[in-house]
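A.B. asks: Residue numbers (the numbering used here), protein chains in the order written: chain C, 13 to 115; chain X, 75 to 173; chain L, 396 to 706; chain W, 112 to 597. Here a beta-carbon is modelled for each residue, glycine too, at the ideal position from N, C-alpha and C. All of these numbers come straight from a predicted model, not from anything done at the bench. Starting off with a structure, shown below.
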């Protein structure tokens, strides 16, 4: 087993756990953490799958991941603001109990 | 030295697993947070060893960052728990007693 | 031996992801998530990317963790943290989907790793083009010079997240509640040391970023961590209005970056061409300020900030 | 000149958004309009260049691919850029009534509006897979911020669901990008297409990216989030969401399949994508017919009309391509007009429940007219843009003996007639208590407000698209995707 394979398998497992949790979790906070964790798994794949150049890993995907990390936190921060407001207005932290009003 | 350094890294990683157990079992929020902090300090040690072993001095800067962030996280946690207590909501509710 | 280290860290990632996401209380999940972030940082360190280790620790674990904690605190203050039950059928379907996706990602990931050819064409072009820029850190080179449109738009994403969060809050909201500050003697002493240290570290990271790992994002995150610290210690408070200085700080990154790029276009250079190392520093400084200010405001859940007069 | 125009398309709204965030309230209006109004003018030199050369390229920062990011404008990109500019300006004019630039809420609205406009322009210009990811995220965040700007509970819930699914979609897209970069070593869409072949990995990457984008563009059966989001957003926001935001994701799907994978797209998948479209047309139309709220009906109509954009895949060819591209344009104009008219009706009548709207045409003659004219285009009656696109699409289906697709297109038209006729019949019906309605409320002044005129202009634009389609079609013909011969 090579180093790259170890990371890819770990990333795959983390991705699967994230998707599983996204589907079963009812609390939105948990679902957001799931999205974040899945994102980390994909970043790992992005860097590892690019393959090495002259022994070291390709520098370009690393820069992409750095961009991706900042985008991820922007999205999570906004989602958390939305979640807190949703809880404030409807008292609910889940999309499950809806009664989608057709008013 | 080439054998010793990675061996110590492995030992510290195993140490983390032990710490993880504490985060897992709790039972109080403070226990969890404290072991998470321990996690931070051990990680610093690992980073310093890796810096030496992989010959990438920049990891020392990363270790420095860890130290600073760990301190800030601990203060955040203290504020969080005390804030909860000040609002007369028992902090133990935070850990949900039992999974 | 090095494979053993990788295996341990990788296993740790999987276990922590499971701990953070499945079962247990939400609070434990958040703590586990922070630990997951720290372990990700170790993984990046093993993959030879100190830049990413720093960013993951500061942004991925530190700031995200703080945001999750404060959101958890606010939800609890609203009394809205009750869990809802799930049907067992759905759990089984989810388990299937999760397993399937893990197997799929593993398969395509392994195939991708196995099929590695001569290495990234773009990565080689990067290695060749870097020396001409005078920068020593390829990541900074990509972010500020070669693919700087990504970076510019990404700072705009951060701005959009702030404005959108403000839109969610609505007019009437002055600010969301923060945990009340406590007069603990130790906290005061710590803040007195840590706050200036955060600024110092941020400036160091910014300065180092052109040659060594570091750069505007890590520096901005450290500044944000300092701001969060001041807020939690009661030295800074959320305010309903955003002062002019703060507003300028919010957009400084986007404006300075686009400004330099457009001036170069007006001078007959390509759009977004970077004229020299001084411009790299200028842009990175502005970005650091914007990133720090935006993250602190997102944490505060308010439009602005005010300082407290000394008690 | 071209470089300046391209830069202006992205940076003018972007810098205007920054200015709106900084300057005092009374100065906001100046920056809003200086960020929006020049956009069509900037497109003129670009149109001329694309007409002449077929393709305009710009290496951003002076670094060509594979290292740097390239902007490429071809006919399709140009058409969608025009649509975006028109929607941003006209719907913007309309929105100035609901969100005056000088108000507290207005500042946030316009900052997001300008960011959204800039992001969509950047997306349409970009030929770089990762840069597209960044612009998609910017589009999503700005759009959802606009969606919740009124803070209605239903909108908040719809926004939360939209955000979760959009983030999930981005993850799948990014995973695809990771695989593509791993194989091709470049992020440039065109270069990567040349480097790759019909292997397992490229096809998997293509499928992953498409899945992510299908979620974002709410193609059946992944449309679940759309009706609630578009039906509960503020009027002008619904208009831009339906006319542009979901379209850019479909546009990207086209880019991936017809440009990136031009030589190695899996042939088995094309009818499958078409079936998704057919499902969307039938399901969306039936549900539109069953709605009790006018705005929800229009939202489900979007689900249905997006289906036509997917019919491009089974009908692949010059005719199908022109038809689908033209549909994108005409539906954008018509649907924006429709949402604006409905928003006016909702504002004046206080409700958009169909059973309470009887006789609304008296109070809102202009908006009823707009609704009817936009309906003509959605329906595909001559002379309208919708007619041109559906006629071309029928021809394309006929040419390949695609009876299934032919039937779906015809059925879609009939169903659209059913769901569009119903509200119009209600609006123009004389209520049982006609006197009460007539006496109590004289024709409202709001009905003649210039915001109503803006909506009417958009609807007329959709009609005009049916009168003079030749130049646009000729332009599209010049930029056919590789592998499609005229």
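1) Listed from N- to C-terminal order along the chain, which residues in the region 85-96 of chain C have their beta-carbon within a distance smaller than 8 Å of any beta-carbon of chain W?
2) Please classify residue 105(C): does DSSP put it in a helix, a strand, or coil?
3) Which residues in chain X sit within 8 Å of residue 449(L), going by Cβ to Cβ distance?
4) Here's the rule: buried if 16 or more other CB atoms are within 10 angstroms of the residue's CB, otherwise exposed. What is residue 447(L)?
5) By the three-class DSSP mapping on this structure, what secondary structure does residue 701(L) have?
6) Give me the Cα-Cα distance between residue 58(C) and residue 383(W), rounded to the nearest whole angstrom.
7) For residue 387(W), which residues of its own chain have a beta-carbon under 8 Å away from its beta-carbon, when the five flanking residues on both sides are left out?
8) Of the residues 628(L), 506(L), 429(L), 544(L), which one's Cα is nearest the Cα of residue 581(L)?
9) Use the C-beta contact count for residue 508(L): other C-beta atoms within 10 angstroms, 16 or more gives buried, fewer gives exposed.
10) Should residue 423(W) and residue 435(W) be called a contact, given that it needs their Cβ atoms to be closer than 8 Å?
11) Specify the secondary structure class of residue 62(C) as computed by DSSP and reduced to three states.
12) Buried or exposed: residue 579(W), going by 16 or more other Cβ atoms within 10 Å of its Cβ?
13) Any beta carbon of chain C sitting closer than 8 Å to that of residue 240(W)?
14) Which residues in chain L sit within 8 Å of residue 47(C), going by Cβ to Cβ distance?
15) Thinking C-beta only, is residue 258(W) closer than 8 Å to residue 128(W)?
16) For residue 161(X), count neighbouring Cβ atoms within 10 angstroms of its own Cβ and tell me buried if that reaches 16, exposed if not.
17) Nearest-angstrom Cα distance between residue 369(W) and residue 83(C)?
18) For residue 556(L) and residue 116(X), what's the separation of their Cα atoms in angstroms?
19) Comparing C-alpha positions only, which one of 431(W), 411(W), 172(W) sits nearest to residue 505(W)?
20) Spatial neighbours of residue 158(W) within its chain, please: C-beta separation below 7 Å, excluding the five flanking residues on both sides.
21) Would you say residue 31(C) lies against chain L (beta-carbon separation less than 8 Å)?
22) Any C-beta of chain C within less than 9 Å: which residues of the region 181-207 of chain W qualify?
23) By a C-beta neighbour count over all protein chains shown, 10 Å radius and 16 as the cutoff for buried, is residue 606(L) buried or exposed?
24) If the cut is a Cβ gap below 8 Å, which residues of chain X does residue 396(L) touch?
25) Who are the neighbours of residue 459(L) on chain C, taking C-beta pairs under 7 Å?
26) Measuring only between beta-carbons, confirm whether residue 434(L) sits less than 8 Å from chain W.
27) Report the partner residues of residue 237(W) according to the DSSP bridge assignment.
28) Along the chain, where does the alpha helix (DSSP H) containing residue 445(L) start, and where does it finish?
29) Do the region 512-524 of chain W and the region 484-502 of chain W make contact, defined as three or more Cβ pairs closer than 8 Å?
30) Excluding the 5 residues flanking residue 119(X) on each side, which residues of the same chain have their C-beta closer than 6 Å to its C-beta?
31) Please report the residue range of the alpha helix (DSSP H) in which residue 442(W) lies.
32) Nearest to residue 668(L) by CA position, among 491(L), 484(L), 541(L), is which residue?
33) Give the residues from the region 660-693 of chain L that approach chain W closer than 8 Å (Cβ to any Cβ), ordered along the chain.
34) Look up residue 633(L) in the DSSP assignment and say whether it is helix, strand or coil.
35) For a contact meaning CB atoms closer than 9 Å, what does residue 542(L) contact in chain C?
36) Alpha carbon to alpha carbon, what distance is there between residue 520(W) and residue 501(W)?
C.D. replies: The answer reads as follows:
1) 86, 87, 90, 91, 94, 95
2) Position 93 of the first chain, counted from the start, is the residue given in the question as residue 105(C). Coil, per DSSP.
3) Taking the third chain and counting its residues from 1, the one referred to as residue 449(L) is at position 54. Residues of chain X passing the Cβ test: 135, 136, 139.
4) On the third chain, residue 447(L) is found 52 positions in, with the first residue counted as 1. It is buried - the Cβ of residue 447(L) has at least 16 other Cβ atoms within 10 Å.
5) As a first step, residue 701(L) is located in the third chain; it is residue number 306 there, counting from the start. In the structure shown, residue 701(L) sits in a strand (DSSP, three-state: E or B).
6) As a position in the first chain, residue 58(C) is number 46, starting the count at 1. As a position in the fourth chain, residue 383(W) is number 272, starting the count at 1. Roughly 29 Å separates the two Cα atoms.
7) Walking along the fourth chain from the start, residue 387(W) turns up at place 276. 325, 330, 331, 332, 418, 421, listed in sequence order.
8) For this step, residue 581(L) is matched to residue 186 along the third chain. Considering only alpha carbons, the answer is 628(L).
9) Counting from one through the third chain, the residue named residue 508(L) turns up at place 113. It is buried - the Cβ of residue 508(L) has at least 16 other Cβ atoms within 10 Å.
10) The residue given as residue 423(W) occupies position 312 in the fourth chain. The residue given as residue 435(W) occupies position 324 in the fourth chain. Their beta carbons are under 8 Å apart, which means residue 423(W) touches residue 435(W) by this criterion.
11) Looking up residue 62(C) in the first chain gives position 50. Residue state, collapsed to three classes: coil.
12) By 1-based counting over the fourth chain, the position of residue 579(W) is 468. Exposed, since its Cβ has fewer than 16 Cβ neighbours within 10 Å.
13) The residue you call residue 240(W) lines up with position 129 of the fourth chain. Residue 240(W) does not count as touching chain C.
14) Locating residue 47(C) in the first chain gives position 35, counting from the first residue. The premise fails here: residue 47(C) is roughly 10 Å from chain L at the closest Cβ pair, so nothing lies under 8 Å.
15) For this step, residue 128(W) is matched to residue 17 along the fourth chain. For this step, residue 258(W) is matched to residue 147 along the fourth chain. No, the pair does not count as a contact, with Cβ atoms beyond the cut-off.
16) Stepping through the second chain from its first residue, residue 161(X) is reached at position 87. Model confidence at residue 161(X) stands at a pLDDT of 47, short of 50, so the residue's coordinates are unreliable and nothing is read from them.
17) Start at 1 with the first residue of the fourth chain, and residue 369(W) comes out as number 258. Start at 1 with the first residue of the first chain, and residue 83(C) comes out as number 71. Each residue's Cα considered, the two are about 28 Å apart.
18) In the third chain, counting from the first residue as 1, residue 556(L) sits at position 161. In the second chain, counting from the first residue as 1, residue 116(X) sits at position 42. Looking at the two C-alpha atoms, the distance is approximately 34 Å.
19) As a working mapping, residue 505(W) is identified with position 394 in the fourth chain. It is 431(W) whose Cα lies nearest to the Cα of residue 505(W).
20) Residue numbering aside, residue 158(W) sits at position 47 when the fourth chain is read from its first letter. Excluding positions up to five away in sequence, the list reads 189.
21) The residue given as residue 31(C) occupies position 19 in the first chain. Cβ-Cβ to chain L under 8 Å: yes for residue 31(C).
22) none
23) To locate residue 606(L), count along the third chain from 1; it is residue 211. Result: exposed.
24) The residue you call residue 396(L) lines up with position 1 of the third chain. The answer, in chain order, is 77, 80, 81, 84.
25) As a position in the third chain, residue 459(L) is number 64, starting the count at 1. Here the neighbours are 48, 85, 88.
26) The sequence position of residue 434(L) within the third chain is 39, counting from 1. By this cut-off, residue 434(L) is not an interface position.
27) Position 126 of the fourth chain, counting from 1, holds the residue named residue 237(W). Residue 237(W) is bridged to 182(W).
28) For the purposes of this step, residue 445(L) is taken as the residue at position 50 of the third chain. Unbroken alpha helix (DSSP H) run through residue 445(L): 445-450.
29) yes
30) For the purposes of this step, residue 119(X) is taken as residue 45 along the second chain, with counting starting at 1. Answer for residue 119(X): 86, listed in chain order.
31) The residue labelled residue 442(W) in the question sits at position 331 within the fourth chain. First-last of the alpha helix (DSSP H) with residue 442(W): 429-460.
32) Residue mapping note: residue 668(L) aligns to position 273 of the third chain, counting from 1. Per the Cα distances, 541(L).
33) 660, 664, 665, 666, 667, 668, 669
34) Along the third chain, read from residue 1 onward, the residue named residue 633(L) stands at position 238. Residue state, collapsed to three classes: strand.
35) In the third chain, the residue the question calls residue 542(L) occupies position 147. Ordered by position in chain C, the residues that pass the 9 Å Cβ test against residue 542(L) are 72, 75, 76, 79.
36) Locating residue 501(W) in the fourth chain gives position 390, counting from the first residue. Locating residue 520(W) in the fourth chain gives position 409, counting from the first residue. Each residue's Cα considered, the two are about 7 Å apart.
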